[in-house]
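Written below as structure tokens is the structure these notes are about.
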Amino acid sequence: LDTLCLTLVVSLVESRGGIKKPGETLRLTCTVSRFSLTSYGVHWVRHPAPGKGLEWMGQIDWYSSNWRTYYGPSFQSRATLSADSSKNQFSLQLRSLTAADTGTYYCARHTVTQSRAGTGTKRGSGF
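For what it's worth, this note's numbering labels the leading residue of the sequence shown as 9, then goes sequentially.
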């Protein structure tokens, strides 16, 4: 990552995650405003618990007329990132949930010089 600074900004708003059961799928959306989806990449980051470090889940960006996705090693087999330009939304889908997936999820806009993030979406433990 060039830079990943998490700060509150109104141009990124995550959907609510809610409580899920083991084995279920988490679907989150990040609705953007004041910038085009194809102008910036978006990272997804998870903060599992207070006192623990952030976990980089992946990135999606527009390159050469196609969406490119990159995934962190821990999420590659279970996560899918996508974008819907008609709704100004980026989405994260995380399959086969376990108790370890409890945390706050962030979408963060990436540029070479700065990144901006929403306020986060907590996924409560239903275990």
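C-beta: ideal position from N, C-alpha, C; glycine also.
Those residues which DSSP pairs with residue i across a bridge
i	result
N74	Y71
S85	Beta-bridge pairing links S85 to no other residue.
F98	C38, A91
G49	H118
Simplified DSSP state of residue i, which is helix, strand or coil
i	result
L105	coil
G66	strand
Residue i classed as buried or exposed, judged by whether at least 16 other C-beta atoms fall within 10 angstroms
i	result
Y113	buried
T33	exposed
A107	exposed
R138	Because residue 138 is not part of the residues shown, which for the chain are 9 to 135, the question remains open.
K95	exposed
R117	buried
S99	buried
G61	exposed
K29	exposed
T46	exposed
G111	buried
Nearest residue (CA-CA) to residue i, options the options
i	options	result
A91	W70, S82, S41	W70
T88	G66, D109, N74, S73	G66
T77	G111, Q101, P58	Q101
S93	T37, G31, G26	T37
R42	Q97, T110, G80	Q97
C115	H51, V40, G31, S44	H51
Short CB-CB distance (under 8 Å) between residue i and chain C
i	result
I27	In the structure shown, chain C cannot be found, because there is only a single protein chain.
Assumed close pair residue i, residue j - CB separation to whole angstroms, cut-off 8 Å
i	j	result
E63	S82	7 Å
G49	I68	6 Å
S191	G31	With the chain covering 9 to 135 only, the question about residue 191 has no answer from this structure.
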